[in-house]
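In UniProt numbering, the protein residues as written are 1 to 299.
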């Protein structure tokens with residue numbers, strides 16, 4: 001899944017990043033935005049479609065929505081690739097409103113309940129990544145009231161979802177799902193962003209939207225548990241976690257290699273050390289929610 005990510009770019013620096021990855025970007029009507037190191041569902045972030053960036057809320061709200069106060073975007077921030085071609089919720093956007101979401105990397109949690117460790121997945125060269133997504137837009141009446149806009153002045157509400165697929169075997173240890181990463185100018189990229197394409201088969205979707213892990217291009221590492229609180233927004237959240245016992249400025253050490261000497265040394269230390277109580281569980285708002293699988297109630 002993908003329930004939290006970082007974008008270490010703003011409306012000025014993102015232009016060069018897109019250029020470095022050979023992605024066309026119209027900068028004339030560039031929306032204003034700042035770096036975000038802990039993006040969560042319902043927040044407004046830049047999304048790329050039709051050669052430009054547009055600010056949208058994360059958690060897709062379908063166009064037929066009449067009462068925004070009853071919308072549940074925290075349940076639609078991910079869409080399963082296996083269901084987008086047949087779901088009434090996703091299919092209209094699949095045919096006409098496809099996009100990619102620029103990110104610097106995304107977070108995932110792993111471990112037993114109460115002891116989960118957050119990890120950050122990114123490109124090794126630290127360049128921007130692009131996740132396959134869908135978007136939609138709700139037309140609002142002039143007198144419609146919403147929680148975000150009680151005066152009813154907003155005319156349109158744009159929102160999006162990130163598509164996930166079964167995780168490749170290299171990442172199954174971390175999570176069974178992974179967001180679909182599209183490489184600029186690849187066959188999948190060109191096909192996904194082709195404005196003339198308006199239909200897909202199941203085989204085409206599963207071929208185009210297949211998560212891939214490239215050991216030479218991507219990396220993962222543990223990060224501070226403070227990322228579990230979506231209110232935290234610091235660059236250090238996407239940097240390698242430093243053990244509490246390590247001196248300041250020292251990165252987390254790799255697991256030592258095995259050996260007969262180290263084995264007996266570790267056993268002796270274990271015998272002499274009393275069990276330590278577990279660390280306090282940090283808040284985790286990134287849960288296992290995916291797009292709802294039940295049918296959407298017809299109007």
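Heads up, the beta-carbon is just placed ideally off N, CA and C, and yes, glycines get one too.
The beta-bridge partner set that DSSP reports for residue 102 consists of 130. Where residue 191 is concerned, the enclosing alpha helix (DSSP H) starts and stops at 187-192. Taking residue 132 as the centre and dropping the five residues before and after it, the same chain places the C-beta of 100, 163, 180, 182, 192, 209 closer than 7 Å to its C-beta, in chain order. Measuring C-alpha to C-alpha distances from residue 41 to each of 22, 71, 83 identifies 71 as the nearest. The continuous stretches of alpha helix (DSSP H) do not include residue 197, and DSSP gives it neither H nor E. Between the alpha carbons of residue 29 and residue 194 lies a gap of roughly 21 Å. By the beta-carbon neighbour count (other beta carbons within 10 angstroms, threshold 16), residue 98 is buried. Non-local C-beta neighbours of residue 224 in its own chain, meaning closer than 7 Å and more than five positions away in sequence, comprise 236, 237, 241, ordered along the chain.
Rounded to the nearest whole angstrom, the C-alpha separation of residue 89 and residue 169 is 29 Å.
Residue range 156-166 is occupied by the beta strand (DSSP E) that includes residue 164. With fewer than 16 other CB atoms across the displayed protein chains lying within 10 angstroms of its CB, residue 22 is exposed. Contact annotation: residue 124 and residue 219 have beta-carbon atoms nearer than 8 Å. Under DSSP, residue 47 forms a beta bridge with 54.
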